[in-house]
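Taking the working numbering, I'd label the letters of the sequence shown as residues 13 to 418.
For every residue, glycine included, the Cβ atom is placed at its ideal position computed from N, Cα and C.
To keep things clear, I will list the structure first and then write my remarks on it.
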Amino acid sequence: MTIVISNVRQQEIGRDFVVIADVTTNGEKKSLSFKRSGNHPQLGDWEPRLDPFLVTILMPAMVSGQDIIVEGDIDQSILMAANSTIQQTLRLLDHKWKIVAINAQPRNQADQRFDPSLGAAIGMSCGIDSLYTHHFLSQATKTPEHLRPKVFFHNHIGAHLDRETFQKHLENAALYASEAGIYLVSVEADLNALFPGRFTHNHTIRNIAAAMTLDHLFASFIYSASEEIGRKPRLTRNSGISAIDPVFLPQFNTVTKRYLSFGFAATRKEKTLLVQTIPTAKQYLTVCTHAQKAGTPYRNCGVCSKCAQFLVIVDLMGTIDKFARIFDIGAFRDNRNRIFMRMLRASIGGRGSLTDHIFSCLSRQKEISDAILDQTFPANHTLECKNQTYIPTIIQFINIAVSVVL
Ligand SMILES: [Zn+2]
13 MTIVISNVRQ QEIGRDFVVI ADVTTNGEKK SLSFKRSGNH PQLGDWEPRL
63 DPFLVTILMP AMVSGQDIIV EGDIDQSILM AANSTIQQTL RLLDHKWKIV
113 AINAQPRNQA DQRFDPSLGA AIGMSCGIDS LYTHHFLSQA TKTPEHLRPK
163 VFFHNHIGAH LDRETFQKHL ENAALYASEA GIYLVSVEAD LNALFPGRFT
213 HNHTIRNIAA AMTLDHLFAS FIYSASEEIG RKPRLTRNSG ISAIDPVFLP
263 QFNTVTKRYL SFGFAATRKE KTLLVQTIPT AKQYLTVCTH AQKAGTPYRN
313 CGVCSKCAQF LVIVDLMGTI DKFARIFDIG AFRDNRNRIF MRMLRASIGG
363 RGSLTDHIFS CLSRQKEISD AILDQTFPAN HTLECKNQTY IPTIIQFINI
413 AVSVVL
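Quick look at the structure:
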């Protein structure tokens, strides 16, 4: 059983550029396409290659145990890594996936040169991680040329609820990019049927493939880390491929391109503390994927776990009102007790340990809010508590929790 990838071609449709290849599985041929759009003047200059299609098909092939035949050439570095370390790293996520053989002509790029002046492309969702990355690389006076942000990617490859949500988020990213003086491009591909599990289980490899379809626009592709380094790779409801990002992305390096993860050394809390100081964050920050579903006029629902993580911190910092235009602060306040209970439960784990922690907290009341924050955003950092109203709220809910648990 093999998967055959062949016949790559590019079409110009209006102002968009679509690259298409045939993917034949068990004799059934389907086309796989990536539509690219954006305001970069060199958007259409990409030379069609099969490399992004191989990267897209690799994980699905490992899951089904099918070898891959590429009817064409693949960059020599990527082909070697795809036949060895890339698959070995992916198997950290699921040991049942098979190592498959990839048959392709290696394309030698020895006559090519790395061009640092192209700068960096950053995946830009306007969330905490990508705003942190952009801010960090823009502010640092010593950022090397090949890491200086020149292009943002905002893709529609499975993260968004639907096209309407994507469009709204894209418009937001476009305004942010325009204010930052950076080009914005987007890649759209229907990949959900190909990939196993949740988007969080494979978003990194989808985004690498999408970036490859416009790799003439950057020297480095920077993918913001959503997990701290050292987490155990596991595919669960709340975790996915991100744990392998720092070692995974550089395996796609070639003579001319660098791929890297950024921000994995900072905690979510550290990133939030920095992002809440960025002046444009109060207009463009988007951490939520539920607002559209909930029908709220705000970009961020204020209640889901991602909104709550952010709002609890800025409330403690006393800066929550700065974000009243983009977060449903009313919903957050109305649901604050429920949010705390959820965070408390999530941070502590099992019922036995919950009981232990409740009694431990009750004996040291003033440390409770720090205890919750530090377990939700683990770090050796303390956060000055400016909003003391959390203390009675937490006590009240711990009392309820005690009555439930006991
Ligand atoms: Zn939300």
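In this structure, N312 lies near F339, with their beta-carbon atoms less than 7 Å apart.
Exclusion of the five residues before and after I194 leaves P161, K162, V163 and F164 as the residues of its chain whose Cβ lies within less than 7 Å of its Cβ. Ranked by Cα distance from K108, the first of S137, I134 and M71 is M71. Burial state of D123 is exposed, judged by a 10 Å Cβ sphere holding fewer than 16 other Cβ atoms. In this structure, T36 keeps its C-beta atom at 7 Å or more from the C-beta atom of D79.
Close to ligand 1, as judged by a C-beta nearer than 7 Å to any of its heavy atoms, are the residues V299, C300, H302, A303, N312, C313, G314, V315, C316, K318 and C319, in chain order. Note that the region 217-237 touches the region 272-289; at least 3 beta-carbon pairs, one per stretch, sit closer than 8 Å. According to the DSSP assignment, N115 belongs to no alpha helix (DSSP H) but to the beta strand (DSSP E) extending over I114 to R119. Sequence-distant Cβ neighbours of L130 in its own chain, meaning closer than 6 Å and more than five residues away, are F230 and A231. Per the DSSP secondary-structure output, I234 pairs in a beta bridge with I134 and L272. Contact fails between the region 92-100 and the region 195-207, because fewer than three Cβ pairs, one in each stretch, are under 8 Å apart. Counting other Cβ atoms within 10 Å of its Cβ, S254 reaches 16 or more and is therefore classed as buried.
Relative to the Cα of F352, the nearest Cα in the group R337, I332 and Q321 belongs to Q321.
For G242, the closest of I256, N250, S251 and R249 by C-alpha to C-alpha distance is I256. As the crow flies, the alpha-carbon of Y271 is around 6 Å from that of N265. The DSSP-derived three-state label of F339 is strand. With a cutoff of 7 Å on beta-carbon distance, A132 and L159 are scored as near each other.
Boundaries of the beta strand (DSSP E) around A33: D28 to T37. Contact between M224 and A189 is ruled out by a C-beta separation of about 21 Å, above the 8 Å threshold. Sorting S18, R246 and F207 by C-alpha distance to the C-alpha of E83 places S18 at the top. Taking 7 Å as the cut-off, the Cβ atoms of S45 and I25 do not count as close.
Rounded to the nearest whole angstrom, the CA to CA distance from T268 to R48 is 21 Å.
In this chain, the beta strand (DSSP E) harbouring R48 covers E40 to G50. Restricting attention to beta strand (DSSP E) runs no shorter than 3 residues, the region 60-130 encloses them at 79-87 and 114-119, ordered along the chain. If you look at Q179, you'll find it in the alpha helix (DSSP H) that goes R175 to A192.
7 Å or more divides the Cβ of A186 from the Cβ of C138. Excluding its 5 nearest sequence neighbours in each direction, L323 has C-beta neighbours in its own chain below 7 Å: G314, I332, F339 and F344, listed in chain order. Taking C-beta separations shorter than 6 Å and ignoring five residues to either side along the sequence, E176 has no partners in its chain.
Counting along the chain, the unbroken beta strand (DSSP E) around S198 starts and ends at Y195 to E200. In the three-state scheme derived from DSSP, where H, G and I count as helix and E and B as strand, N250 is classed as coil. Remark: C-beta atoms of D63 and D87 approach each other more closely than 7 Å. Setting aside the 5 residues that flank it on each side, I325 is surrounded in the same chain by T284, each with a C-beta closer than 6 Å to its C-beta; the list follows chain order.
Sequence-distant Cβ neighbours of R21 in its own chain, meaning closer than 8 Å and more than five residues away, are V31, I32, A33 and P60. The criterion of a C-beta distance shorter than 7 Å is satisfied by L105 and L247. Taking every protein chain shown into account, the CB of A336 has fewer than 16 other CB atoms within 10 angstroms, so this residue is exposed. Contact between D28 and H228 is absent: CB atoms are separated by about 16 Å, not below the 8 Å threshold.
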